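The next block holds one structure in the form of structure tokens; read it before the comments.
Residue numbers (my numbering): -1 to 161.
Structure below.
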């Protein structure tokens, strides 16, 4: 029996991965759904119960913790961390069975981190290396390298150095 390809993505058999664009060495755990138009980079870790819609692009070395849903229009650059149950929106005025002409595009730049249960409204940009505190509600763009917390989230200065 030939050895398994060490660069192949690992897809848990209890996940529904419809996209052919899953990068090498990416791990997709159980009960995930990844729709056919999604693009996922290399070396990502997609934890249990994550949904990735069409028109979502995820870079390399991204961590998506459990309970995250990535909706159409979201762009996640390399080395981003998205904590458990972080929430994204993509429609400023959502109505049942009424789709907008275009979904809002939200960008999470390289190396940013989003804490557990944070809510990110559609159309914002979170700058490179920024840190969003757990439970925060982001309603506007976050500059690179800043720590934002609260509801609505506000700057608390530069991201503290890691101990």
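Backbone N, C-alpha and C fix where the C-beta goes; we use that ideal spot for every residue, glycine too.
It should be emphasised that the depicted structure is a prediction, and the values quoted were computed from it without experimental measurement.
If you ignore the 5 residues before and after residue 18, its C-beta comes within less than 8 Å of the C-beta of 34, all in its own chain and listed in chain order. Around the beta-carbon of residue 153, fewer than 16 other beta-carbon atoms lie within 10 Å, marking it exposed.
As computed with DSSP, residue 153 is found in a beta bridge with 146. A distance below 8 Å separates the beta carbons of residue 74 and residue 57. Under the DSSP assignment, residue 137 falls outside any beta strand (DSSP E); it carries neither an H nor an E label. Put simply, of 136, 10 and 36 the residue whose alpha carbon is nearest the alpha carbon of residue 16 is 36. Rounded to whole angstroms, the gap between the alpha carbons of residue 149 and residue 88 is 19 Å. The beta carbons of residue 44 and residue 27 sit closer together than 8 Å. Listed in chain order, the beta strand (DSSP E) elements of length 3 or more contained wholly in the region 52 to 97 are 72 to 74.
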